[in-house]
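Engineer: Protein chains in written order, with the numbering used here: chain A, 359 to 634; chain B, 1328 to 1621.
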Amino acid sequence: MRTRSSNRPVLLAAGVGAAALLVLSACSDSDDGSGSGSDAGKDGAGSASGELSGEITVFAAASLTESFEELGAQFERDHPGTKVTFSFGGSDALAASITGGAPADVFASASPTTMDLVTDAGAAAGTPETFVRNRLEIATLPGNPDGVASLKDLTDPGLKVVLCDEAVPCGSAAQKALDAGSLKLTPVSYEEDVKSALNKVVLKEADAAVVYKTDVQAAGGKVEGVDFPESADAINDYPITLLEDAPNTAAAEAFVELVRSAEGQKVLTGAGFLKP
Amino acid sequence: MTRPSAADGSGSGGPRDVLAGGPAPVRRPRNRTRVRGGAPLPLLVPALLGLAFLVLPLLALLLRAPWSSMPELLTSAEVWQALRLSLVCATAATALSLVIGVPLAWLLARVEFPGRGLVRALVTLPLVLPPVVGGVALLMALGRNGVVGRWLDDWFGVTLPFTTAGVVVAEAFVAMPFLVIAVEGTLRAADPRYEEAAATLGASRFTAFRRVTLPLVAPGIAAGAVLAWARALGEFGATITFAGNFPGRTQTMPLSVYLALQSDPEAAIALSLVLLAVSVAVLAGLRDRWMTSA
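1. Compare the Cα-Cα distances from L1554 of chain B to each of B:A1595, B:T1540, B:A1608, B:A1597 and report the closest residue.
2. Kindly list the residues whose CB is nearer than 6 angstroms to the CB of G458 of chain A, restricted to its own chain and excluding five residues on each side of it in sequence; keep chain order.
3. Looking at the C-beta of G1470 of chain B, does it have a partner C-beta in chain A at a distance below 8 angstroms?
4. Check whether the Cβ of G1626 of chain B lies closer than 8 angstroms to any Cβ atom in chain A.
5. Indicate the three-state DSSP secondary structure (helix, strand or coil) for G583 of chain A in the structure shown.
6. May I ask whether a heavy atom of the ligand HEM can be found less than 7 angstroms away from the beta carbon of E602 of chain A?
7. What would DSSP say about D595 of chain A, mapped onto helix, strand or coil?
8. Could you pull out every residue in the same chain whose Cβ sits closer than 6 angstroms to the Cβ of L1603 of chain B, ignoring the five residues on either side in sequence?
9. Note the first and the last residue of the continuous alpha helix (DSSP H) segment covering T472 of chain A.
10. Determine, for S547 of chain A, whether the minimum Cβ-Cβ distance to residues of chain B falls below 8 angstroms.
11. Leaving out five residues on either side along the sequence, give the residues of the same chain with a beta carbon under 8 angstroms from the beta carbon of V1474 of chain B.
12. Would P1581 of chain B pass as an interface residue toward chain A - the criterion being a Cβ-Cβ separation below 8 angstroms?
13. The alpha helix (DSSP H) that contains A462 of chain A, what's its start and end?
14. Taking only the alpha-carbon atoms, compute the straight-line gap between L452 of chain A and A1436 of chain B and give it to the nearest angstrom.
15. With DSSP collapsed to three states, give me the class of P1367 of chain B.
16. P503 of chain A by DSSP, collapsed to three states: which one?
17. For the region 432–466 of chain A, list every residue whose C-beta sits within 8 angstroms of some C-beta in chain B, in sequence order.
18. Once the 5 residues before and after C1416 of chain B are set aside, which same chain residues still bring their CB inside 8 angstroms of it?
19. Of all the CB atoms in chain B, is at least one closer than 8 angstroms to the CB of L349 of chain A?
20. Does the structure place the region 486–493 of chain A close enough to the region 615–632 of chain A that three or more beta carbon pairs sit under 8 angstroms?
21. Can you tell me whether DSSP reads V1438 of chain B as helix, strand or coil?
22. Check whether chain B comes within 8 angstroms of D595 of chain A, counting only Cβ atoms and requiring the distance to be less than that.
23. With DSSP as the reference, please indicate the residues paired to F446 of chain A in a beta bridge.
24. Counting C-beta neighbours from all protein chains within 10 Å, is the total for L1383 of chain B 16 or more, i.e. buried, or is it exposed?
25. Please decide whether F1440 of chain B counts as near chain A, where near means a Cβ-Cβ distance under 8 angstroms.
26. Using 8 angstroms for Cβ pairs, my map puts T419 of chain A next to A466 of chain A. What's the rounded Cβ distance?
27. On the criterion of 16 or more Cβ atoms from any shown chain inside 10 Å, does K571 of chain A qualify as buried, or is it exposed?
28. Which whole-angstrom value describes the C-beta separation of A1587 of chain B and L1598 of chain B, a residue pair presumed to lie in contact below a C-beta threshold of 8 angstroms?
29. Is the beta carbon of A1502 of chain B sitting closer than 8 angstroms to the one on S1424 of chain B?
Structure follows, in structure tokens:
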């Protein structure tokens, strides 16, 4: 008994040590990869062939998840040897990590306001350009059992409604739409990004959420969308920019080009985004 | 960690005490860990690095604190709302953990039953589980559409997500294992012969637990409760996943720190300092158990 109990911590320590080593080596591997890759990318830009390689990191608004993943896969197919890594989240949180020094090449946000946080800090290279726009929609449970037909219906206190936090573009847009309709809505929760708001309805924990049309479309049959006229007053412009400290400028520029190309626009409008 | 008596104690100091030359007999056990002639460099350098690694971020928090606007930041209604909610929820979660956690610890320590090791492992699981995963699991179990939550909603009209009760549940889920493990350790260290003596004098097992065991392990329960309380106070992942985020209802301090960091970093630092102060206070409360017995 005594030996067993005294052996356990040793085993545990060994296990923790091994795990830590694995993690460390994995990190250093990927660092090496991106480091050498980005150098190669810059070299590639300089050479006449214009061959792209290396890894790029794209910070993008949560609402862009599905369409950007598709574009990322396409980019990797078009440019073998490249790898696109995404970080999706609330635009405000992403902006905060970029100004805080997170290594990223491209930032695509869901509102000019959150983009301003980055440009004001001098972290953007060049002027951000609007590449799509997005309109709000109400997401209800499948079949709309509560008969939600308008934004006003959401103010019913018996209904559990989630909104995005006002710091996030979808939250400020929702507030703008509510103001346009002179409505006051008390949600059960202010979510940190549009996908967590949507997922509260997907999980049936909330009865409705105010999200983007694109999110309702991406969720398939798991939620039902309800259009409301006030959303016309709260259409979000999505700006995209190359970042000042981009480790892999050449590939990052090519990715921004792809997003703004006819091909990229086709993917985005197919996902429900509006043309700029 | 819950048995300082084992660390302090019983072993005879022997010749090393003579080497250390401490004349004060009271401090004898501590002198056993003292190394003569200073620490060797290969140990000292990483040790100091380790110390700096742990202390530096906290110092940075103090250095970057917006001291001039601090009074204003800390007296805002939102801060007090979040702090009060945090304190209330952490205390309620600790109370809940005590009511169901102490009996569970007793069961694990005193009753032989098949699969006890497995049960102990299950109890410890939330300790190592990422809290966000705990939040998702709670949603699946106690959400409005969850395995159990569905019936709670149908029969009693009770739904936990997005409520203050939901915060308490999320915090208790994450914090209770700390209490159970602490209390179980103390129970195992406590001499069962006192309970046996009570039994031979005619006390029932429950009376013996109430009158003998509980007072015996009270310090362990207190330490476990403080640990659980501190863990509940800092709980973030399970709370935001299970209970959502609404000021005054489910937005506890850690949630407001996280959200403030995106819009108002100064407020985030101020809020962090409040939590730091509370943590220091907790540590001061546990001083006798840990800092002196180390």
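Think of the CB as a built atom: it goes at the ideal place given N, C-alpha and C, for glycine as much as any other residue.
Structural biologist: Let's see:
1. With distances taken between Cα atoms, L1554 of chain B lies closest to B:A1608.
2. Close CB contacts of G458 of chain A within its chain, under the 6 angstroms cut and outside five residues either way in sequence, are absent.
3. Chain A, which has a Cβ nearer than 8 angstroms to the Cβ of G1470 of chain B, makes this yes.
4. The displayed coordinates of chain B run from 1328 to 1621. Any statement about residue 1626 of chain B would go beyond what the structure contains.
5. For G583 of chain A, the three-state secondary structure derived from DSSP is strand.
6. For the structure depicted, the ligand HEM is absent and the ligand set is empty, with no information on it obtainable.
7. DSSP, reduced to helix, strand and coil, places D595 of chain A within a strand of the structure shown.
8. Excluding positions up to five away in sequence, the list is empty.
9. Start and end: 470–478.
10. With 8 angstroms as the cut-off, S547 of chain A counts as an interface residue toward chain B.
11. So the list reads M1467, A1468, once near-sequence residues are dropped.
12. No - not a single Cβ of chain A is within 8 angstroms of the one on P1581 of chain B.
13. The continuous stretches of alpha helix (DSSP H) do not include A462 of chain A, and DSSP gives it neither H nor E.
14. In a straight line, the C-alpha of L452 of chain A is about 48 angstroms away from that of A1436 of chain B.
15. Three-state result, P1367 of chain B: coil.
16. Here P503 of chain A sits in coil by DSSP.
17. Listed by position, the residues of the region 432–466 of chain A near chain B (Cβ gap below 8 angstroms) are G448, D450, A451, A453, A454.
18. So the qualifying residues of the chain are T1491, V1494, V1495, E1498, A1559, T1579.
19. Because chain A here runs from 359 to 634, residue 349 of chain A falls outside it and cannot be looked at.
20. When C-beta atoms of the region 615–632 of chain A are compared with those of the region 486–493 of chain A, three or more pairs fall below 8 angstroms, so the two segments count as touching.
21. Shown here, V1438 of chain B sits in coil according to DSSP, grouped into three states, outside any helix or strand.
22. Contacts with chain B at 8 angstroms (Cβ-Cβ) do not include D595 of chain A.
23. In DSSP, F446 of chain A forms a bridge with A:A418.
24. Counting the other Cβ atoms within 10 Å of the Cβ of L1383 of chain B gives fewer than 16, which makes it exposed.
25. Closer than 8 angstroms: no.
26. According to the sequence displayed, residue 419 of chain A carries Ala and not Thr. So it is a contact: roughly 6 angstroms between Cβ atoms.
27. By the 10 Å Cβ count, K571 of chain A comes out buried.
28. Yes, A1587 of chain B and L1598 of chain B are in contact; Cβ-Cβ is about 6 angstroms, under 8 angstroms.
29. Yes.
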